[in-house]
Amino acid sequence: MTVLDASALLAYLHGEAGAEVVTGALGDGAVISTVNLAEVLSRATDSGSDPAQRAQELTERGLLGAALTVEPFTEADAVEVARLRPLTRSAGLSLGDRACLALARRLGVRALTADGSWDGVAHGVQVQQIRTADR
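Numbering (this note's numbering), first residue to last: 442 to 576.
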């Protein structure tokens, strides 16, 4: 199992570099936090799409609920996200980034991201960059 960051799912959805790594993770069972799903759906509004319609399309494609489980953001996750803030501030990790790390830590699995700024700030979570040559 793998936790996807919003950037990893967006790379997959747009056929960007690293999408094949995400495809492999989806085949092995992947999870996304509701916070990171909100980020992905928010991007749909940037192009004028309805986020509810986009979520329905992802479900109909067999992505949400089948290949990708949506995991609720818990109170414990909120505490972990807050703990990670001072530890990751210098790298500029967002709330969504920290939500992904918190979920990966809670589940004891790796996290996939397209963000290079996570190097050295994962604090006990195995992170795989989907766009690096040494995948």
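Don't be surprised by glycine CBs; every beta carbon is placed ideally from N, CA and C.
Output needed for residue i: all residues of its chain with C-beta closer than 8 Å, excluding positions within five of it in sequence on either side, in chain order.
i	result
S483	P492
L536	V476 and V522
A596	In the structure as shown, the chain begins at 442 and stops at 576. Residue 596 is therefore absent and cannot be evaluated.
Just to check my reading of the structure: residue i and residue j have Cβ atoms closer than 8 Å, yes? What is that Cβ distance to the nearest angstrom?
i	j	result
D469	T443	7 Å
By Cβ distance, which residues of its chain are closer than 6 Å to residue i, with the 5 residues on each side in sequence left out?
i	result
T500	G506
L445	A471, I473 and L553
Closest to residue i by C-alpha separation, out of the options, would be which residue?
i	options	result
A532	R547, W559 and Q494	W559
A540	R502, R551, F514 and P527	F514
L478	L450, H455, D518 and G465	L450
Where does residue i sit, in a helix, a strand or coil, going by DSSP?
i	result
A507	coil
E521	helix
V463	helix
Taking 7 Å as the limit between beta carbons, can you name the residues of its chain near residue i, skipping five residues before and five after?
i	result
D575	At D575 the pLDDT is 45, less than 50, meaning the model places this residue with poor confidence and gives no usable figure here.
R495	L482 and A485
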